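Working notes for the structure below.
Residue numbers (my numbering), protein chains in the order written: chain A, 14 to 227; chain B, 14 to 227.
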């Protein structure tokens, strides 16, 4: 049942340990792990699972892309609008940390698998915004557990949760209680909330933020 | 702040990966990880933390040992008694799986640190019994999270939770949802329940099971 090779395992566990030993937000190490875990066979099984409900099925039939996001324009929308909140969030949480918003480097999506990876990546900030989970490590753990709950069996998010638990066990025991609390909370909210998979964000900017969030 | 050496890290991460790749219940690999994580400096900090409340403090001042457990004798107690339930549990869950009950090989306890390790080990089955968490991998994960909640910052239990999440991510994705459910449940119950640390089980066998459990 396990299509992953011995070589894959060696590489994956190397990358996992490397990530545990890296500082939070080491995107190169995170990307390595994502590459290991986004194997075609894994993604195929996941897509089948996600397509079992209508919303998931539609996402793959008519894949919504985030597209170009004009933050300045969104910033001129009324402050109650989702677009305004999004521009605020990306400016404060991403650009001010010297990071490039994912929408500026959209990934190719010529297959269901490529779409899924691109979609998860480019909607990461909308998911932060909608869930209200911050971009600190605490908020990221909440969101990782939320992803794990909403995208049943997405290897990458489970591995990141395992990474963070192990990291706190080895390097920062005092934070472990908060990690477990936020993991539990993110999982619970992710199971209760409506699925965020496949939402076409580019058509939502003009809506009231609190309505979309509800 | 981190007293653990480079050599320690290499060894620990080797043992961790080894445990992820081992079948469930590989006690040799679990023991290796426990030895890595029960470093004197870790245990010292933990004992200070656990001693901050009266129950914890008393446990180290008058360390209760499980002592010799006569299962046959306990089996003759009335079926409502804790002792009868304990004999049933150990017979069915431990001995029938060809395992040796921990009470048959008690560890030495000549210091607070040695007592803590011995106590956690020899009260593992009473904790299973009281919490109602089974001895399947699902029950073990619940109990690991319960331990993590009750013994704030016990490295070993956090590492086992990380191990199980990673293991499901790599080897058995279909079980990951159940793992996350039981992890979050064990954590929640562990935080809400009265502390089980330092209970002198040998004086409780004659009590009614449901009263002790309540």
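The C-beta atom is built at its ideal place from N, Cα and C for all residues, glycine as well. All figures in this text were calculated on a predicted structure; none of them were measured in a lab.
Just verifying my parser: in three-state terms, what is the DSSP assignment at residue 221 (chain B)? Strand.
Coarse secondary structure for residue 94 (chain A), derived from DSSP in three states: It is a strand residue.
Report back the beta-carbon spacing between residue 181 (chain B) and residue 50 (chain A) to the nearest angstrom; my notes put them in contact at under 8 Å. Your pair residue 181 (chain B) and residue 50 (chain A) does not check out as a contact, with CB atoms roughly 13 Å apart and the cut at 8 Å.
Short CB-CB distance (under 8 Å) between residue 179 (chain B) and chain A: Under the Cβ criterion of 8 Å, residue 179 (chain B) is counted among the residues facing chain A.
Rounded Cβ spacing between residue 215 (chain B) and residue 79 (chain B) (contact assumed at less than 8 Å): Confirmed, Cβ separation roughly 6 Å.
Which residues, in order along the stretch 15 to 41 of chain B, keep a beta-carbon less than 8 Å from a beta-carbon of chain A? Listed in sequence order: 15, 17, 22, 25, 26, 29, 30, 33, 34.
Pair every Cβ in the stretch 159 to 171 of chain A with every Cβ in the stretch 182 to 200 of chain B, then say whether three or more of these pairs are closer than 8 Å. The stretch 159 to 171 of chain A, when compared against the stretch 182 to 200 of chain B, does touch it at the 8 Å Cβ threshold.
Cross-chain neighbours of residue 186 (chain B) in chain A, by beta carbon under 7 Å: 166, 168, listed in chain order.
If I measure Cβ to Cβ from residue 137 (chain B) and keep anything under 7 Å in the same chain, skipping five residues before and after, which residues do I get? For residue 137 (chain B), same chain residues with a beta-carbon under 7 Å away, outside a window of 5 residues either side, are 115 in chain order.
Which first and last residues belong to the alpha helix (DSSP H) in which residue 125 (chain B) is found? In the DSSP assignment, residue 125 (chain B) falls within the alpha helix (DSSP H) that extends over 125 to 135.
Buried or exposed by the 16-neighbour rule on C-beta atoms within 10 Å, applied to residue 57 (chain A): It is exposed - the Cβ of residue 57 (chain A) has fewer than 16 other Cβ atoms within 10 Å.
Using the rule of at least 16 other Cβ atoms within 10 Å of the residue's Cβ for burial, across every protein chain shown, is residue 55 (chain A) buried or exposed? Of the residues assessed, residue 55 (chain A) falls on the buried side of the cut-off, its CB having 16 or more other CB atoms within 10 angstroms.
Chain A contact for residue 200 (chain B) (CB, 8 Å cutoff): Any Cβ of chain A closer than 8 Å to the Cβ of residue 200 (chain B) would place that residue at the interface, and such an atom is present.
What does a CB cutoff of less than 7 Å around residue 168 (chain B) pick up in its chain, not counting 5 residues either side in sequence? So the qualifying residues of the chain are 50, 55.
Residues near residue 95 (chain A) in its chain [Cβ-Cβ closer than 6 Å; skip 5 each side]: Cβ within range, chain order: 217, 218, 220, 222, 225.
Under 8 Å between the Cβ atoms of residue 60 (chain B) and residue 129 (chain B)? Yes, the pair counts as a contact, with Cβ atoms nearer than the cut-off.
Exposed unless 16 or more other CB atoms sit within 10 angstroms - verdict on residue 125 (chain A): Residue burial annotation: residue 125 (chain A) is buried, with at least 16 other C-beta atoms found within 10 angstroms of its C-beta.
What residues from chain B crowd round residue 174 (chain A), counting only those whose CB sits closer than 7 Å? Correct list: 178.
Which first and last residues belong to the alpha helix (DSSP H) in which residue 197 (chain A) is found? Start and end: 189 to 205.
Pop quiz: residue 155 (chain B) and residue 106 (chain B) are said to be a contact at Cβ under 8 Å. What is the actual Cβ separation, rounded to whole angstroms? Between residue 155 (chain B) and residue 106 (chain B) the beta-carbon gap is near 14 Å, outside 8 Å, which marks them as no contact.
Quick one: is residue 99 (chain B) buried, meaning 16 or more other Cβ sit within 10 Å of its Cβ, or exposed? Flag for residue 99 (chain B) reads buried.
Strictly under 8 Å for the Cβ-Cβ distance: is residue 189 (chain A) near chain B by that measure? Yes, residue 189 (chain A) counts as interfacial toward chain B.
Quick check on residue 126 (chain B) - is its C-beta less than 8 Å from some C-beta in chain A? Chain A, which has no Cβ nearer than 8 Å to the Cβ of residue 126 (chain B), makes this no.
Between residue 161 (chain B) and chain A, is the shortest Cβ-Cβ distance under 8 Å, so that the two count as touching? With 8 Å as the cut-off, residue 161 (chain B) counts as an interface residue toward chain A.
Using beta carbons (cut-off 8 Å, strictly below), is residue 171 (chain A) in contact with chain B? At least one CB atom of chain B sits nearer than 8 Å to the CB of residue 171 (chain A).
Consult DSSP for residue 38 (chain B) and reduce its assignment to one of helix, strand or coil. Residue state, collapsed to three classes: coil.
Strictly below 8 Å CB to CB, what residues from chain A border residue 197 (chain B)? For the C-beta of residue 197 (chain B), the chain A residues within less than 8 Å are, from N- to C-terminus, 196, 197, 200, 201.
C-beta atoms of residue 97 (chain B) and residue 88 (chain B) nearer than 8 Å: Yes. Within cutoff.
Give a yes or no on whether the minimum CB-CB distance between residue 182 (chain B) and chain A is below 8 Å. For residue 182 (chain B), a Cβ of chain A is located within less than 8 Å of the residue's own Cβ.
Segment contact, 8 Å Cβ cut-off, at least three pairs: the stretch 20 to 36 of chain B with the stretch 15 to 30 of chain A: Short answer: they touch.
Skipping 5 residues on each side, what residues in its chain have a beta carbon closer than 7 Å to that of residue 142 (chain B)? So the qualifying residues of the chain are 98, 99, 102.
Exposed or buried, what is residue 139 (chain B) when buried is set at 16 or more other beta-carbons lying within 10 Å of its beta-carbon? Buried.
Take residue 179 (chain B) as the anchor and find which of B:211, B:133, B:37 has the nearest alpha-carbon. For residue 179 (chain B), the closest of B:211, B:133, B:37 by C-alpha to C-alpha distance is B:37.
Out of curiosity, what's the CA-to-CA distance linking residue 64 (chain A) and residue 73 (chain A)? For the pair residue 64 (chain A) and residue 73 (chain A), the Cα-to-Cα distance works out to about 8 Å.
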